[in-house]
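Protein chains in written order, with my numbering: chain A, 1 to 404; chain B, 1 to 404. For glycine and all other residues, C-beta sits at the position ideal for the given N, C-alpha and C. Below is one structure; the comments refer to it alone.
2 protein chains.
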Amino acid sequence: MNLLDSLALEHTSKIVLLVLDGLGDLPNAARRGLTPLEAARTPHLDAIAAESALGRLVPVAPGVTPGSGPGHLGLFGYDPLTHLVGRGVLEALGAGIELKPGDVAARANFCTLDGAGIVTDRRAGRIPSETCAQLVAKLAAEVKSIEDVSLLLQAGKGHRFVAVLRGLGLGGAVSDADPHREGKPVPAARALGPGAAHEKTARIVNAFVQRAGALLRSESPANGLLLRGLSERPSFPGYRERFKLRAVAIAAYPMYRGVASLAGMDLVVPAGERAADAVAAAEREWAAHDYLFLHLKGTDMAGEDGDFDAKVAVLEEVDAALPRLLALAPDVLCITGDHSTPVPMKGHSWHPVPALVRSPVCFADGHPRFHEKACRAGSLGTLASKDLIAVLLANAGRLDKYGA
Amino acid sequence: MNLLDSLALEHTSKIVLLVLDGLGDLPNAARRGLTPLEAARTPHLDAIAAESALGRLVPVAPGVTPGSGPGHLGLFGYDPLTHLVGRGVLEALGAGIELKPGDVAARANFCTLDGAGIVTDRRAGRIPSETCAQLVAKLAAEVKSIEDVSLLLQAGKGHRFVAVLRGLGLGGAVSDADPHREGKPVPAARALGPGAAHEKTARIVNAFVQRAGALLRSESPANGLLLRGLSERPSFPGYRERFKLRAVAIAAYPMYRGVASLAGMDLVVPAGERAADAVAAAEREWAAHDYLFLHLKGTDMAGEDGDFDAKVAVLEEVDAALPRLLALAPDVLCITGDHSTPVPMKGHSWHPVPALVRSPVCFADGHPRFHEKACRAGSLGTLASKDLIAVLLANAGRLDKYGA
């Protein structure tokens, strides 16, 4: 057991982690060098800032831009460099599939094969999502299982779908059934690790590709399929076990509920994507939980779109919902992001993410606003995201002293 | 392969790392508490600072003062605690000897022995460098090889020289042929590691000490020799392999080219020691390289001399050369040092080193000057030197996202 887990105490205090996805940003030359957090009118956030310790979180390591999986695992207190989540598993979680321990998931594509079995289009002409759904339904009806392994298929956008193998003795260390470029045949999947589990998975995958190929033979252009990113749902010790916390994830998007499920959190779908919806859900979950993770996606979407005004608008909408969240009187409130998504970059970045922690013993910096520049010199310092949970537990009175 | 290497992408962007050796300093009581960087008139550096992320680098670990080898290995992205370079190897690199993989190098001294073979003066009365050169030439002429191993000898200052063993099957884990104090005989070198390679090296070293002793018998006072710091040239994965960078080191002093050679950089000797010479060399190397490391020694020399005005003068000379460097339009420019050499200490120190990183996405702090105090609260934060390369690669668009 690691240090933190060994120090965790039972307590009645409550922690709220409000994650504004992609929160961090850059000074914007077109906006007098302001960031969206600086430009937004956020009176409630300002009041919280003055009572908070400010600081910054480094999601994975200096210079390293995280995806959503590593970004959130870090915030939850799981080192994203040692708690690995495969591509297929993340895709399945993002598609809302509730993976069970031992499940192996893959990202899948329909593709076009020529008469000799050569891949001529890895995306099958980007077939419409409706066609994809029909083909997936056909495969699901015809190939329910192979050996003693069930197949779960879920259609995605365009040519994409997710395949999950559920059964005993499967392993995720299996190579892709995907040549990764046109002009080559689909390679057989093969075990990449020792032991029968990976061999079994490879065998099932290859049988599935064969049987699906036969079922798709008369289709055009989607007469074949590719599977990649095969990976096993990892099994991490959960929040109850590690931190003695009854945790709940309130997130409109399946991906974030999925990652939270890996930490053993209860999962709640709010009524909508807005901050007020998440806060309403928090009100309902309050009595039954000690740790409430609220995920809001709008900041990241605005950043990805390169839309400064939209990011400002989301922040102001979040601000408007804060009084109701404060009315719940969390003992510890943390507001931060899983990574930066700067408007000028239109994508995730490596920049440290602004963070605030508010509690009666947080060492309030007394700074009148919460933004990237204020956070550079705050009392929280610059932490690895994975260390945030320790600070939250400490502020909640939930960590024992180390040593006498 | 480590995380960073696995994320490195091919790109056309260019990175300049300008190292002002021993850059960091302390507030100087005799100069109204200013550091040399504060006191210097540096209009071009000031302009760069305003567009840069400021921060500080910790060369090895808090409180640890690095030598030139670890200081630069860190800046290059090689953890100096795990990428070890032996004393003999560093001495040989500093002497300008181009070591090949497998070479074993040693620091050597002429010494004085009495009739019973007892060391009476470990420095042979500090003979003049000319005498040392004559004796080294004599040894080199008479002892070209032992068994199948070639000997390369190069005279240094006073009683010092460097000995390199070149041949197959050598190992560097060999004890010193040096009692480390007077009044004792020269101990035989012995293998410190398992395997025939270290045994072979010890045998060659002992044979060399014997044969040299015979050749020096009639000399006075330098009638013996000592060898220490035996070490094998390490073989690290280079910049091309690790980071997909075509890298060049532009350095007037052999030591810094030598350490850069361990990272697989191309090596260029500028026409002189001044900043303008290094920049002129950078202009010539621009087209053929993606990463240009420019080393300037003057700041360190002034610090070692305890000469505040000289350090200021070097900084102002560097400042004058910056417009030509900027005219090359590097995508990422980093200016920092390998360690601090504070004027009041007249030597290397452990203090974090000021650093700036300038790129369109660096998170410019907008600070009007670049100095130790401004860097304490910059957006770059305080990083381990070994993590700098990740930030440079990220700013250059040369790092893939980690995880989905």
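Could you tell me whether any Cβ in chain A is nearer than 8 Å to the Cβ of residue i?
i       : result
A364(B) : yes
S6(B)   : no
K387(B) : According to the sequence as given, residue 387(B) is Asp; it is not Lys. Taking Cβ atoms only, chain A reaches closer than 8 Å to D387(B), which makes this a yes.
S52(B)  : no
A404(B) : yes
L3(B)   : yes
V174(B) : no
V269(B) : no
V361(B) : yes
Note the first and the last residue of the continuous alpha helix (DSSP H) segment covering residue i.
i       : result
C375(B) : E372 to C375
L406(B) : Residue 406(B) falls outside the range modelled here, since chain B spans only 1 to 404, and no answer is possible.
L388(B) : L388 to N395
S175(A) : Neither: S175(A) is in no alpha helix (DSSP H) and is coded neither H nor E.
F161(A) : Run containing F161(A): none in the alpha helix (DSSP H); it sits in the beta strand (DSSP E), R160 to R166.
A137(B) : S129 to E142
Between the Cα of residue i and the Cα atoms of the options, which residue gives the shortest distance?
i       : options                               : result
C395(A) : G378(A), V361(A) and T299(A)          : In the sequence as displayed, the identity of residue 395(A) is Asn instead of Cys. The residue with the shortest Cα to Cα distance from N395(A) is V361(A).
L20(B)  : R203(B), L328(B), F243(B) and H371(B) : H371(B)
H159(A) : L26(A), A124(A) and V104(A)           : A124(A)
A163(B) : G169(B), T120(B) and S150(B)          : S150(B)
G167(A) : A47(A), S13(A) and R233(A)            : R233(A)
G229(B) : E199(B), G88(B) and G378(B)           : G88(B)
G337(A) : A30(A), V60(A) and D46(A)             : V60(A)
I146(A) : G213(A), N206(A), P194(A) and A105(A) : N206(A)
S406(B) : A222(B), A329(B), G172(B) and V259(B) : As shown, chain B starts at 1 and ends at 404. That puts residue 406(B) outside it, with no answer to give.
A417(B) : V332(A), F363(A) and P70(A)           : With chain B covering only 1 through 404, there is no way to say anything about residue 417(B).
L45(A)  : P323(A), V332(A) and D387(A)          : P323(A)
G77(A)  : E285(A), E199(A) and P237(A)          : P237(A)
A197(B) : V174(B), L216(B), V186(B) and P185(B) : V174(B)
K157(A) : L135(A), V357(A), D178(A) and L139(A) : L135(A)
G22(B)  : P352(B), T382(B) and A140(B)          : P352(B)
E304(A) : I48(A), I15(A) and V343(A)            : V343(A)
P80(B)  : K311(B), A263(B), A327(B) and F293(B) : A263(B)
A137(B) : H180(B), M255(B) and A155(B)          : A155(B)
H405(A) : A92(A), G381(A), L93(A) and H72(A)    : Because chain A in this structure spans residues 1 to 404, residue 405(A) falls outside the shown range and cannot be described.
G102(A) : K200(A), A133(A) and R41(A)           : K200(A)
L75(B)  : L139(B), A275(B), Y256(B) and V143(B) : Y256(B)
G306(B) : V16(B), L9(B) and A30(B)              : A30(B)
E317(B) : L325(B), A276(B) and R126(B)          : A276(B)
L383(A) : A302(A), G55(A), V259(A) and N28(A)   : G55(A)
I335(A) : T12(A), G24(A), D5(A) and M265(A)     : G24(A)
A329(B) : G347(B), M301(B), R358(B) and A302(B) : R358(B)
Y253(B) : K244(B), E51(B) and L267(B)           : L267(B)
S261(B) : D176(B), H289(B), A249(B) and V269(B) : A249(B)
Counting only beta-carbon separations shorter than 8 Å, does residue i have a partner in chain B?
i       : result
A251(A) : no
R87(A)  : yes
L26(A)  : yes
L406(A) : Residue numbering for chain A in the displayed model covers 1 to 404; residue 406(A) lies beyond these limits and cannot be assessed.
G33(A)  : yes
L90(A)  : yes
Within the continuous beta strand (DSSP E) that includes residue i, where are the two ends?
i       : result
I250(A) : A247 to A251
C111(A) : V104 to L113
S261(B) : From DSSP, S261(B) is part of no beta strand (DSSP E) but of the alpha helix (DSSP H) over P254 to L262.
D266(A) : D266 to V268
E232(A) : G224 to E232
S235(A) : That residue, S235(A), is in no beta strand (DSSP E); it is neither H nor E in DSSP.
D5(B)   : Per DSSP, D5(B) belongs to no beta strand (DSSP E); it is in the alpha helix (DSSP H), L3 to L7.
V149(A) : V149 to A155
Residues in the segment 341 to 356 of chain A with C-beta within 9 Å of chain B's C-beta atoms, listed in sequence order? P342, P344, M345, G347, H348, S349, W350, H351 and P352
Between the segment 57 to 75 of chain A and chain B, which residues of the former have CB atoms less than 9 Å from a CB of the latter, in chain order? V58, P59, V60, A61, P62, G63, V64, T65, P66, G67, S68, G69, P70, G71 and L73
**Q.** Contacting positions in the segment 376 to 401 of chain A - beta carbon closer than 8 Å to chain B
**A.** R376, A377 and T382
Report the residue ranges of all alpha helix (DSSP H) runs contained in full by the segment 322 to 359 of chain A; include only those spanning at least 4 residues, in chain order. none
What runs of the alpha helix (DSSP H), each 4 residues or longer, lie entirely inside the segment 13 to 86 of chain B? 36 to 39, 43 to 50 and 68 to 76
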